[in-house]
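Asks: Please find one structure pasted underneath; my questions will follow.
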Amino acid sequence: MRRLLAVVLLAFSGASLAAIQTQEIPYTSADGTKLIGYYAYDDAVKGPRPGVVVVHEWWGLNDYAKRRARDLAGLGYSALAIDMYGDGKNTEHPKDAMAFMQAALKDSKAASARFQAGLDLLKKQPQTDPDKLAAIGYCFGGKVVLDAARQGVPLAGVVSFHGALVTNTPATPGSVKAKVLVEHGALDSMVTQDNVTAFKSEMDKAGADYKFVSLEGAKHGFSNPDADRLSHGEHGGPDIGYNKEADEKSWADMQKFFKKIF
29 MRRLLAVVLL AFSGASLAAI QTQEIPYTSA DGTKLIGYYA YDDAVKGPRP
79 GVVVVHEWWG LNDYAKRRAR DLAGLGYSAL AIDMYGDGKN TEHPKDAMAF
129 MQAALKDSKA ASARFQAGLD LLKKQPQTDP DKLAAIGYCF GGKVVLDAAR
179 QGVPLAGVVS FHGALVTNTP ATPGSVKAKV LVEHGALDSM VTQDNVTAFK
229 SEMDKAGADY KFVSLEGAKH GFSNPDADRL SHGEHGGPDI GYNKEADEKS
279 WADMQKFFKK IF
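Structure follows, in structure tokens:
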């Protein structure tokens, strides 16, 4: 009996020590920009597992993007929230966010290089299976991952949450290698119906394997619990809002999507 109890206690002790491990990792893009990644994984999961890049909203690499990396780690993935602005900078001021985003997107080659630098960093982590990679993005980050898919970056799949659909680098027939999932708020005032129609036409012409989900009652930023506060912030905010139902459904859709592609 004592031996059995000892075994049970030892097993419980080992389980209790398992936890989500996180660390900030500095890295550099091909354009020389100094970046900071936030890496998360569950040390209870043994061996390499699929890796997922997380690309932040226009606010920058903030606590929300880092939380999503931890959420993915909790699902058994190797997750890296990457930095598209440099030095891990972030803001809650819409004017600053707009300036950061415009600067990052001004040179599409530099933006692609920053994404690739983050992807390369994720692949180097011993917990990552380099043959099973995906990317998710929010708002600005949604555009980044969709552009990566358009450019044929070798990913199993990408997921855009309330992401921008317009691009200066449209897909061409056969260029989209990744499977694509778009989770879009039906009340997103930042994405017009013309944008939606043009995106679907672009994907169809490119022969992409994609799914477009329109979430009823959801505005831009529907997945971020801070969206309501940021919308009514002291600096004046954009037309965004949290929607718990849309958040949970889109996250569940992503999990099903990952199970299919991995």
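Residues in the sequence shown are numbered from 29 upward in steps of one, following the numbering used here.
Note that CB positions come from ideal geometry on N, CA and C, so glycine has one too.
Please read these numbers as outputs of a predicted model, since none were measured by experiment.
Take Gln49 as the anchor and find which of Ser57, Val82 and Ser106 has the nearest alpha-carbon.
Replies: One-based indexing of the sequence shown puts residue 49 at position 21. The shortest C-alpha separation from Gln49 is found at Ser106.
Asks: Is Glu276 buried or exposed, if buried means 16 or more other CB atoms sit within 10 Å of its CB?
Replies: The sequence position of residue 276 within the sequence shown is 248, counting from 1. Result: exposed.
Asks: Going straight from the alpha carbon of Tyr270 to that of His190, what length do you get?
Replies: Counted from its first residue, the sequence shown places residue 270 at position 242. Counted from its first residue, the sequence shown places residue 190 at position 162. Their backbone Cα atoms lie some 11 angstroms apart in a straight line.
Asks: From the DSSP output, in three-state form, read off Ser44 for me.
Replies: In the sequence shown, counting from the first residue as 1, residue 44 sits at position 16. Bear in mind that a pLDDT of 45 at Ser44, under 50, signals an unreliable position, so the number given afterwards is only what the model happens to contain. Here Ser44 sits in helix by DSSP.
Asks: Could you say which of Met218, Ala199, Val186 and Gly116 lies nearest to Leu209 if we only look at CA atoms?
Replies: Within the sequence shown, numbered from 1, the residue matching residue 209 stands at position 181. When only C-alpha atoms are compared, the closest one is Val186.
Asks: Is it buried or exposed, Asp148, if we count other Cβ atoms within 10 angstroms and call 16 or more buried?
Replies: In the sequence shown, the residue the question calls residue 148 occupies position 120. It counts as exposed.
Asks: Taking only three categories from DSSP, how would you classify Ala206?
Replies: For this step, residue 206 is matched to residue 178 along the sequence shown. Three-state DSSP puts Ala206 in coil, outside helix and strand.
Asks: Throw me the rounded Cβ distance for the Val73 and Ala163 pair, which I believe falls under 8 angstroms.
Replies: Within the sequence shown, numbered from 1, the residue matching residue 73 stands at position 45. Within the sequence shown, numbered from 1, the residue matching residue 163 stands at position 135. The pair is not a contact, with the Cβ atoms about 20 angstroms apart (cut-off 8 angstroms).
Asks: Look at Ala206 and Ala234 and say whether their C-beta atoms are less than 7 angstroms apart.
Replies: Working through the sequence shown from its first residue, we reach residue 206 at position 178. Working through the sequence shown from its first residue, we reach residue 234 at position 206. For Ala206 and Ala234, no; Cβs fall outside 7 angstroms.
Asks: Please name the residue in Lys62, Ser251, Val241 and Arg77 whose C-alpha comes closest to that of Lys152.
Replies: On the sequence shown, position 124 is the one that residue 152 refers to. Comparing Cα-Cα distances from Lys152 to each of Lys62, Ser251, Val241 and Arg77, the minimum goes to Arg77.
Asks: Taking the straight line between their C-alpha atoms, what separation do you get for Lys94 and Glu52?
Replies: Taking the first residue of the sequence shown as 1, we reach residue 94 at position 66. Taking the first residue of the sequence shown as 1, we reach residue 52 at position 24. Roughly 10 angstroms between the two C-alpha positions.
Asks: Using CA atoms only, rank isn't needed, just tell me which of Asp99, Pro154 and Phe168 is closest to Ala131.
Replies: Residue 131 sits at position 103 when you count from the first residue of the sequence shown. For the residues Asp99, Pro154 and Phe168, the minimum Cα distance to Ala131 belongs to Phe168.
Asks: Closest to Gly60 by CA distance: which of Gly75, Ala139 and Asp124 is it?
Replies: In the sequence shown, residue 60 corresponds to position 32, counting from 1. Closest option to Gly60, Cα to Cα, is Ala139.
Asks: On the criterion of 16 or more Cβ atoms from any shown chain inside 10 Å, does Met112 qualify as buried, or is it exposed?
Replies: The count along the sequence shown starts at 1 and reaches residue 112 at position 84. Label assigned to Met112: buried.
Asks: Using DSSP bridges, identify the partner residues of Val296.
Replies: As displayed, the chain neither begins before 29 nor continues past 290, which places residue 296 out of reach and without an answer.
Asks: On the three-state DSSP scale, how would you describe Ser217?
Replies: In the sequence shown, the residue the question calls residue 217 occupies position 189. Coil.
Asks: Grab the span of the beta strand (DSSP E) containing Phe106 for me, first residue to last.
Replies: Your numbering for residue 106 matches position 78 in the sequence shown. For the record, residue 106 in the displayed sequence is Ser; it is not Phe. Its beta strand (DSSP E) spans residues Ser106 to Ile110.
Asks: May I have the straight-line CA-CA distance separating Asp222 from Gly75, to the nearest angstrom?
Replies: As a working note, residue 222 is residue 194 in the sequence shown. As a working note, residue 75 is residue 47 in the sequence shown. Roughly 45 angstroms between the two C-alpha positions.
Asks: Is DSSP giving Ile289 helix, strand or coil here?
Replies: Mapped onto the sequence shown, residue 289 falls at position 261. DSSP places Ile289 in helix when its eight states are reduced to three.
Asks: Could you name the residues of the same chain whose beta carbon sits closer than 6 angstroms to that of Met218, not counting the 5 residues immediately before and after it, in chain order?
Replies: One-based indexing of the sequence shown puts residue 218 at position 190. So the qualifying residues of the chain are His248.
Asks: Using 10 angstroms around the beta-carbon of Pro266, count the other beta-carbons present and answer buried if the total reaches 16, otherwise exposed.
Replies: Indexing the sequence shown from 1 puts residue 266 at position 238. Buried, by the Cβ-count rule.
Asks: What is the DSSP secondary structure of Ala236, counted as helix, strand or coil?
Replies: Here residue 236 corresponds to residue number 208 of the sequence shown, with the count starting at 1. Three-state DSSP puts Ala236 in coil, outside helix and strand.
Asks: Scan the stretch 60-145 and note each continuous alpha helix (DSSP H) run of 4 residues or more that stays entirely inside, going in chain order.
Replies: Runs found: 91-102 and 122-133.
Asks: Return the residue from the list Met282, Arg96, Met129 and Thr56 that minimises the CA-CA distance to Lys239.
Replies: Residue numbering aside, residue 239 sits at position 211 when the sequence shown is read from its first letter. Measuring from the Cα of Lys239, the nearest candidate turns out to be Met282.
Asks: Measure the beta-carbon distance from Gly170 to Leu108 and round it to whole angstroms, keeping in mind my assumption that it falls under 8 angstroms.
Replies: For the purposes of this step, residue 170 is taken as the residue at position 142 of the sequence shown. For the purposes of this step, residue 108 is taken as the residue at position 80 of the sequence shown. Contact doesn't hold; Cβ gap of about 17 angstroms is too wide.
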